[in-house]
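One structure is given here, and the rest of the page talks about it.
Protein chains: 2
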Amino acid sequence: MKPKQRLPDRKSKVTIREVALNAKVSETTVSRIMRNEGPISEETREKVMKSVRELGYVPNRIAGALASLNTHLVGVIVPSLKNIVFPEVLRGIQSGLKGNHMQAVISVTEYDLATEEEMVRGLLAWNPVAVLVTGLTHNEATSRMLRQSLGRVVEMMEIDAEPIDAAVGMSHRSAGYETIRHLLTKGYRRFGYVAHDIGPDRRARLRHEGMVQALSEAGLGFIAESRAETPSSVGIGKAMTARLLERAPDISVAIYSNDDMAVGGVFHCMETGRSIPSDLAIFGFNGLEIGQQLPQPLSTVRSNRFLIGRTAIEQILNDKERPGSPVRVDTGFEIVDGATA
Amino acid sequence: MKPKQRLPDRKSKVTIREVALNAKVSETTVSRIMRNEGPISEETREKVMKSVRELGYVPNRIAGALASLNTHLVGVIVPSLKNIVFPEVLRGIQSGLKGNHMQAVISVTEYDLATEEEMVRGLLAWNPVAVLVTGLTHNEATSRMLRQSLGRVVEMMEIDAEPIDAAVGMSHRSAGYETIRHLLTKGYRRFGYVAHDIGPDRRARLRHEGMVQALSEAGLGFIAESRAETPSSVGIGKAMTARLLERAPDISVAIYSNDDMAVGGVFHCMETGRSIPSDLAIFGFNGLEIGQQLPQPLSTVRSNRFLIGRTAIEQILNDKERPGSPVRVDTGFEIVDGATA
DNA sequence: CTGTTAGCGCTTTCAG
DNA sequence: CTGAAAGCGCTAACAG
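Protein chains in written order, with this note's numbering: chain A, -4 to 336; chain B, -4 to 336.
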């Protein structure tokens, strides 16, 4: 009777201990080699690396993090993945992380501050080196947690208020203000506003405020506004444009809460045979590729999403400690004078 | 001389120890309460929770994970965040994770298998409960690591080959095949193909193979193909369409590697005054919102990205152990008979 | 250049 | 229902 073959136990993890035993060195030495730290003789290194390869050893970062009190984790919280804006921020983050053997733990709030609180609590439990959150508005508990957390905290996207530690983004209020100044210069006087549900979208609200201010300084105001109660999309942009034009057929320019919505406006005009910009001018926000590739490039404001993510990471890489007083980094914006307004 | 005020040390973390001391119970009890596990008297629970709140205790998941040998981490690897497809998969994942107090660690490979290897190694070091990777093709080292890893492994997006543990997605080869069958039924005979750089995009290649097969069975083939050497985008779709039409002005339908490219094709036709579909029919892949909102809804194949992410998570939630033999879950696809072909 | 000794903060038996 | 003891796998001093 043949003895049962002893299969290698899939569950038997190989730890630093096995490697050390196998290579006949101490665990410390193996640890040093795995982290490229401290002086190691070439001979020892090779001997150890041989064992590492033979055994297929993968260091356990959990244990490492606990011992060194340093996770190389960055927590990231974005409100949505629904339009391409936040994935672009994430791309910036990933690009900044690359080569720093740091890892991103990503959570999505769906624009809900209570969810944000939950996500922040969950992230902080992993002792991340830094937490990158979206926006400067949080609920009480979230703010407290972030303030008291040990690592860095970067609030992304906007810089219109005082951050906890650092903010990287642009002034949405100015963007709104400059949008109107730009359109006034071009001679527009009859303004309409088309938006998605901007209740939870503070930055869209700030832009709107900036617009209203600039309009009011010029003795004007929006003739009509049409706001949806759903998140932004091209379809909603179409629908809200139709509604706006019903209410106020005589407006000359429609400003949109963002490019997705504005593209919907463009499509609506195409479908109803309106000429852009003579029958209706259209102005968006973000500067997405799709808008720039339309037969008539969309007039809009370019926000630098990738740069925001990238810069946020650079902030935390440049300085592991919080600055004496909160820092704001302006990644700017740019009016894109397209063909639709 | 006043004694220097003793500020609460921001760096002094509050651990389970402090809570236990403060509440005059053992650490074990605090641990049980924090995890809602085991029988605890109401009295004790309240006493402890009071201390927890007072001290602002946040359990350290690193330590917890090390002790319990269970992180509630799910590693996710996607090739790109550049178009909206993978963010939609991520949304599905996040939606499935919600309420399971699990967290996603996300990495991006930029369609590079060596980068993927690095990312997989990095992720496995955190002992995730599961790893969700994109596609069924990996390099040798990656495959080995995934096979030997302790947790579940779900390969997302395609099911055209044998997975390591489980695959969730659709058959891209069939999608390509069915696309041609559909267009043949509609009477098209003169086919062109427009693509982004599909070298690293195995799924686009599989679709192409399926198309070529169906064409060949009908005694046909692509009259012309125009492929870029860059990732997909609306702009590239425009440019490649122009190039295709130069080479073969007489094709009747252009099939695109995906919707982004196809939308570029639509815009090109608008700009050059071609009628769709009479002058040129256009067919995409993915079923993105933008395509469906065009003045003429795009004819395309709907892939269920959100569902793929969602289902991948459900797989690992349903069964913590790997199935006896690899499982394939088909999330299907659907021909969208739009107005462009 | 290498090893020894203590933990990191929590969970898990196993006893009461 | 509660607690004591023994680690999880690794790293950080500190010696040699």
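Note that CB positions come from ideal geometry on N, CA and C, so glycine has one too.
Which first and last residues belong to the beta strand (DSSP E) in which residue i is found?
i: serine 298(B); result: 295 to 298
i: tyrosine 188(A); result: 186 to 190
i: serine 221(B); result: 219 to 222
i: valine 9(B); result: Taken as a continuous stretch (DSSP letters only), valine 9(B) belongs to no beta strand (DSSP E), as it is neither H nor E.
i: aspartate 254(B); result: Segment 254 to 267 is the alpha helix (DSSP H) holding aspartate 254(B); no beta strand (DSSP E) there.
i: isoleucine 330(B); result: 328 to 331
Does the beta-carbon distance from residue i to residue j come in below 9 Å?
i: lysine 45(A); j: lysine 19(A); result: no
i: leucine 85(B); j: leucine 76(A); result: yes
i: threonine 306(B); j: histidine 263(B); result: no
i: arginine 222(A); j: histidine 167(A); result: no
i: asparagine 281(B); j: threonine 267(B); result: no
i: leucine 50(A); j: glutamate 83(A); result: no
i: isoleucine 303(A); j: methionine 114(A); result: no
i: alanine 336(B); j: isoleucine 285(B); result: no
i: isoleucine 79(B); j: threonine 104(B); result: no
i: isoleucine 311(A); j: alanine 162(A); result: no
i: glutamine 98(B); j: glycine 230(A); result: no
i: methionine 265(B); j: serine 228(B); result: no
i: asparagine 134(A); j: leucine 68(A); result: no
i: asparagine 253(B); j: histidine 177(B); result: no
Please state whether DSSP places residue i in a helix, a strand or coil.
i: glycine 216(A); result: coil
i: serine 102(A); result: strand
i: leucine 76(A); result: coil
i: arginine 197(A); result: helix
i: leucine 145(B); result: coil
i: leucine 118(B); result: helix
i: methionine 152(A); result: strand
i: alanine 162(A); result: strand
i: glycine 94(A); result: coil
i: leucine 2(B); result: Model confidence at leucine 2(B) stands at a pLDDT of 30, short of 50, so the residue's coordinates are unreliable and nothing is read from them.
i: valine 53(B); result: coil
i: aspartate 325(A); result: strand
i: valine 20(A); result: coil
i: leucine 68(A); result: strand
i: glutamine 365(B); result: Here chain B has residues from -4 to 336 only, and residue 365(B) is not among them.
i: glycine 304(A); result: helix
i: histidine 133(A); result: coil
i: serine 26(B); result: helix
i: alanine 311(A); result: Here residue 311(A) turns out to be isoleucine, not alanine, going by the sequence shown. Helix at isoleucine 311(A).
i: serine 273(B); result: coil
i: tyrosine 82(A); result: Before going further, note that residue 82(A) is proline rather than tyrosine in the sequence given. In the structure shown, proline 82(A) sits in a helix (DSSP, three-state: H, G or I).
Output the boundary residues of the alpha helix (DSSP H) element that contains residue i.
i: phenylalanine 280(B); result: No alpha helix (DSSP H) contains phenylalanine 280(B), which DSSP labels as neither H nor E.
i: threonine 129(A); result: Careful: threonine 129(A) lies outside any alpha helix (DSSP H), inside the beta strand (DSSP E) at 125 to 129.
i: isoleucine 250(A); result: Taken as a continuous stretch (DSSP letters only), isoleucine 250(A) belongs to no alpha helix (DSSP H), being part of the beta strand (DSSP E) at 248 to 251.
i: threonine 180(B); result: 167 to 180
i: lysine 233(A); result: 229 to 242
With a 10 Å radius around its C-beta and 16 neighbouring C-beta atoms as the bar for buried, classify residue i as buried or exposed.
i: leucine 119(A); result: buried
i: serine 273(A); result: exposed
i: alanine 249(A); result: buried
i: arginine 147(A); result: buried
i: proline 34(A); result: exposed
i: threonine 180(B); result: exposed
i: alanine 170(B); result: buried
i: leucine 64(B); result: exposed
i: asparagine 299(B); result: buried
i: glycine 94(B); result: exposed
i: glutamate 112(B); result: buried
i: proline 74(B); result: buried
i: leucine 2(B); result: Since pLDDT at leucine 2(B) reaches only 30, below the 50 mark, its modelled position is unreliable, and the value read off the structure follows with that caveat. Exposed, because fewer than 16 other Cβ atoms sit within 10 Å of the Cβ of leucine 2(B).
i: glycine 194(A); result: exposed
Original post:
Along the stretch 91 to 105 of chain B, what residues have a CB closer than 8 Å to any CB found in chain A?
Top reply: His96, Gln98, Ala99, Val100, Ile101, Ser102, Val103
**OP:** Note down, in chain order, all residues in the stretch 28 to 50 of chain B with a beta-carbon under 8 Å from any beta-carbon belonging to chain A.
**Re:** none
Subject >> Where the stretch 78 to 89 of chain A meets chain B: residues whose CB sits under 9 Å from a CB there >> reply: Asn78, Ile79, Phe81, Pro82, Glu83, Leu85, Arg86, Gln89
**OP:** Identify each residue in the stretch 122 to 152 of chain B for which the Cβ-Cβ distance to at least one residue of chain A is less than 8 Å, and report them in chain order.
**Re:** Asn122, Arg139, Met140, Gln143, Leu145
Original post:
Of the residues that make up the stretch 286 to 300 of chain B, which ones have a beta carbon closer than 9 Å to any beta carbon in chain A?
Top reply: Gln287, Gln288, Leu289, Pro290
**OP:** Could you name the residues of the stretch 190 to 221 of chain B whose beta carbon sits closer than 7 Å to any beta carbon of chain A, in the order they occur along the chain?
**Re:** none
Subject >> chain B contacts from the stretch 228 to 239 of chain A (Cβ-Cβ distance under 7 Å) >> reply: Ser228, Val229, Gly230, Lys233
Subject >> Contact residues within the stretch 240 to 269 of chain A, judged by C-beta distance below 8 Å to chain B >> reply: Val258, Gly259, Phe262, Met265, Glu266
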